[in-house]
Amino acid sequence: MLVVMRVGAPRKQIERTVSAIRKLGLKPNVIPGSLRTAIGITGNKGAVDPERLRSLPGVAELIRVTKPYKLVNREMKPEDTVVDVDGVKIGGRSFVVMAGPCAIEDRAGALRIARAVKRAGATMFRGGAYKPRTSPYSFQGLEEKGLDILREVREKTGLKIVTEAIDPPSLEKVARAADMIQIGARNMQNYSLLRLVGETGMPVLLKRGFSATFEELLMAAEYIVDQGNYNVVLCERGVRTFADHTRSTLDLSLVPAAKRTTHLPVVVDPSHAAGRRDMVPALCRAALAVGAHGLMVEAHHSPEKALSDGPQSLDLPGFRKLMKSLEKIGSAVRTPVGGRPAARRTRSRH
Ligand code: PEP
Ligand code: MN
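Heads up: the sequence shown is residues 412 to 761, going by my numbering.
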């Protein structure tokens, strides 16, 4: 249920409505950023009827939200959420590129990649310090040492840092080091971790599970937003299908579905979906054209030597080339790409 207050309803009336909702044993969620204040009600197990709120002073209307996802639902908050990652805005009209290696391997390599992706137009740096690997024998990440390298990358380049937390102890450390916390595909349905991430109040990049439906992704986001943290960016990274020409199938239809259904921004990670670098640039361009709010791309100075996900990582000239091609599409769809202004549209020659 959504309680929409009248335009200009005084704070007193809003507070009174909030406390009336609490008295009913329900949870009021004051929705940020609305022209009119709206209060989403969650926690209704069906026993109470919030209809009685209708007669409170200042209440304009009550809207029933029938879908199981409430707070992430566009019906609750019609305006786009723009997630501010320490000055880098994800959502609305911008197109943010987060790039970097799969894992942080060493200081010099991380700095080299960071400088190159920044020069090419990326505004955020990705790289795992804690790696949830399919095999317990694979490289698991540098952990705290990796976080220190990420801190240095931010200090030296100004790029904002997104990195993954895999459990409560790593979350505590990641929250202190990063600008945005990544929740990986394997943890999308780790509900206790999602609640903890919500409690940090920090920007969160929530990746879709390998076999998660769109609704399951939205329910996972709901866990975070239910903690009062609206700074959630959804990430499509491919799902498992019968296709064997790629590692996963990139489901670009999630982008328009998300834009219709939720106010949260959505970015696309073609690297983990394709699993092979030759397909990554085309899928990146498709993600921009389909209306995504940004990309996550793996890039490495020597992909053949990378300790994880080398086959899908672009080399640095490849990343530069990709960014140039994105600028052209960005100017066609009127979306500035990365940290550069939209490229001028080239004149046709006839
Ligand atoms: C990653 O981004 O490094 C990663 C492990 O991705 P995913 O969780 O999508 O597999
Ligand atoms: Mn990876």
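Think of the CB as a built atom: it goes at the ideal place given N, C-alpha and C, for glycine as much as any other residue.
Checklist entry - L482: which of H712, D655, M412 and Y602 sits nearest, CA to CA? => result M412
Checklist entry - So what's G454 in DSSP terms, helix, strand or just coil? => result coil
Item to check | Whole-Å CB distance - A525 paired with T574, under 8 Å assumed | outcome: With 8 Å as the limit, A525 and T574 do not qualify as a contact, their Cβ atoms being about 13 Å apart.
Item to check | Cβ neighbours of K618 in the same chain (closer than 6 Å, five flanking residues each side left out) | outcome: G595, A596, C646 and R648
Next on the checklist: Assuming contact is defined by CB atoms lying nearer than 8 Å, are F730 and A527 in contact in what I supplied?
Outcome noted: yes
Checklist entry - Between V564 and the rest of its own chain, which residues show a CB-CB distance below 7 Å, the 5 nearest in sequence each way excluded? => result A521, L522, A525, F536, L570 and I572
Item to check | Beta carbon shell of the ligand MN at less than 5 Å from a heavy atom | outcome: C513 and D720
Checklist entry - Hey, quick one: how far does the beta strand (DSSP E) through R562 stretch, first residue to last? => result Element bounds for R562: not the beta strand (DSSP E) but the alpha helix (DSSP H), E555 to T568.
Next on the checklist: With a threshold of 7 Å (Cβ to nearest heavy atom), would P543 be considered close to the ligand PEP?
Outcome noted: yes
Checklist entry - Which residue's Cα is closest to the Cα of G750: G705, L718 and G639? => result G705
Checklist entry - Within 7 Å: the Cβ of A596 and any heavy atom of the ligand PEP? => result yes
Item to check | Option in A668, G511, L605 and L737 with minimal Cα separation from P714 | outcome: G511
Checklist entry - So the alpha helix (DSSP H) I524 belongs to, where does it begin and stop? => result R518 to A531
Item to check | Residues near R756 by beta carbon distance below 6 Å, same chain, minus five either side | outcome: Confidence at R756 is low in this model, with a pLDDT of 46, below 50, so its placement is unreliable and no value can be given for it.
Item to check | Nearest-angstrom Cα separation, counted from N601 out to P579 | outcome: 11 Å
Item to check | CB of E709 within 8 Å of CB of Y480, strictly | outcome: no
Item to check | Cutoff 7 Å; reference A631; Cβ partners in own chain excluding five residues on either side | outcome: M599, Q600, L605 and L617
Checklist entry - In angstroms, rounded to a whole number, what distance separates the CA positions of D590 and A693? => result 29 Å
Next on the checklist: Nearest by alpha-carbon distance to S622: which of V650, N640, P614 and P489 is it?
Outcome noted: V650
Checklist entry - Considering only residues of the region 647-680, which uninterrupted beta strand (DSSP E) runs meet the minimum length of 3 residues and lie entirely inside it, listed in chain order? => result 677-679
Checklist entry - Who pairs with G539 in a beta bridge, going by DSSP? => result A514
Checklist entry - By a C-beta neighbour count over all protein chains shown, 10 Å radius and 16 as the cutoff for buried, is G419 buried or exposed? => result exposed
Next on the checklist: Buried or exposed, going by whether 16 or more other CB atoms sit within 10 Å of the CB of T492?
Outcome noted: buried
Checklist entry - Given a threshold of 16 other Cβ atoms within 10 Å of its Cβ, counted over all protein chains shown, does K529 qualify as buried or as exposed? => result buried
Checklist entry - Do you know how far the Cα of E555 is from the Cα of L675? => result 30 Å
Next on the checklist: Along the chain, where does the alpha helix (DSSP H) containing K739 start, and where does it finish?
Outcome noted: L727 to A743
Item to check | Expected contact under 8 Å - CB spacing of S736 and R696 to nearest Å | outcome: 6 Å
Item to check | Bridge partner(s) assigned by DSSP for I474 | outcome: L413
Checklist entry - Can you pull the DSSP bridge partners for I442? => result A449
Checklist entry - For I766, which residues does DSSP report across the bridge? => result Lying before the first or after the last residue shown, residue 766 is absent from the chain, which here runs from 412 to 761.
Next on the checklist: Distance check for K478 and P421, CA to CA, integer angstroms please.
Outcome noted: 30 Å
Checklist entry - Can G686 be considered in contact with the ligand PEP, in the sense that its beta carbon sits closer than 7 Å to one or more heavy atoms? => result no
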